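Residue numbers (this note's numbering): 16 to 196.
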């Protein structure tokens, strides 16, 4: 999904950059899945908290009539609460991993459907390499089903699988981007 958006925004180069980022994330998940995930959650919490502070400053710098209409105070406080929760309670997310892995699987399934659309479009255009996004779509859908069904008992195995699946799908997508031109 990230790669499709990058292709729309930045062309082939943007898609390739997204593939490289996805490979890097996959490798980091293989090396230290818990540490990487905890770091991402804490960083997202800090960023969200900072955005809340920006909203609060915005609220107090605007005239009362404008500030009340924009709900900047409410937005700022909610962002600060959410950001603080993420930054200070990253272990909650780790405990909620089974639910998060199902959500990840659903996102992968949606990405597979997007890739089916891409394949179908190329097939209808009679592009000679229409099958490349098809292979990627099948991989995404297969990975999504495995993650949703979650046959793994240990969270570490799931993280390793997610890391490997991200690397494989990024490599296939990168090849699709390079060869589909």
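C-beta atoms are modelled at their ideal positions from N, C-alpha and C, and glycine is treated no differently. Keep in mind the model is a prediction, meaning the values are calculated, not measured.
query: Assuming residue 123 and residue 162 make a contact with CB atoms under 8 Å, what is their CB distance in whole Å?
result: Within the chain shown, residue 123 is the residue found at index 108, counting from 1. Within the chain shown, residue 162 is the residue found at index 147, counting from 1. Rounded, the Cβ-Cβ distance is 6 Å, consistent with contact.
query: Nearest CA to the CA of residue 111: which residue from 154, 32, 44 and 52?
result: Looking up residue 111 in the chain shown gives position 96. Nearest option by C-alpha distance: 52.
Cβ neighbours of residue 71 in the same chain (closer than 6 Å, five flanking residues each side left out): Along the chain shown, read from residue 1 onward, the residue named residue 71 stands at position 56. Taken in chain order, the residues that qualify are 91.
task: Could you give the DSSP three-state label for residue 104: helix, strand or coil?
output: Position 89 of the chain shown, counted from the first residue, corresponds to residue 104. It is coil, neither helix nor strand.
- request: Rounded to whole angstroms, what's the CA-CA distance from residue 158 to residue 164? Just pull it up for me.
  value: In the chain shown, residue 158 corresponds to position 143, counting from 1. In the chain shown, residue 164 corresponds to position 149, counting from 1. Their Cα atoms are separated by approximately 10 Å.
- prompt: How about the stretch 123-136 and the stretch 97-109: do they share at least three Cβ pairs that are nearer than 8 Å?
  reply: no
task: Compute the beta-carbon to beta-carbon distance between residue 60 and residue 94, rounded to the nearest angstrom, for a pair I have assumed lies under 8 Å.
output: For this step, residue 60 is matched to residue 45 along the chain shown. For this step, residue 94 is matched to residue 79 along the chain shown. At roughly 10 Å, the Cβ-Cβ gap does not stay under 8 Å, so residue 60 and residue 94 are not in contact.
query: Mapping DSSP to helix, strand and coil, what is residue 24?
result: Translated into the one-based positions of the chain shown, residue 24 becomes position 9. Reliability fails at residue 24, whose pLDDT of 46 lies under 50, so the model's placement of it is uncertain and the value that follows must be treated cautiously. In the structure shown, residue 24 sits in a helix (DSSP, three-state: H, G or I).
- request: Tell me whether residue 89 is buried or exposed, calling it buried when 16 or more other Cβ atoms sit within 10 Å of its Cβ.
  value: Here the question's residue 89 lines up with position 74 in the chain shown. Under this definition residue 89 is an exposed residue.
- prompt: Are residue 127 and residue 150 touching if we call contact CB-CB under 7 Å?
  reply: Sequence index remark: in the chain shown, residue 127 carries index 112 (1-based). Sequence index remark: in the chain shown, residue 150 carries index 135 (1-based). No. Outside cutoff.
task: Specify the secondary structure class of residue 143 as computed by DSSP and reduced to three states.
output: For the purposes of this step, residue 143 is taken as the residue at position 128 of the chain shown. DSSP places residue 143 in coil when its eight states are reduced to three.
field: Rounded separation between residue 187 and residue 49 - CA only
entry: By 1-based counting over the chain shown, the position of residue 187 is 172. By 1-based counting over the chain shown, the position of residue 49 is 34. So the two alpha carbons sit approximately 26 Å from each other.
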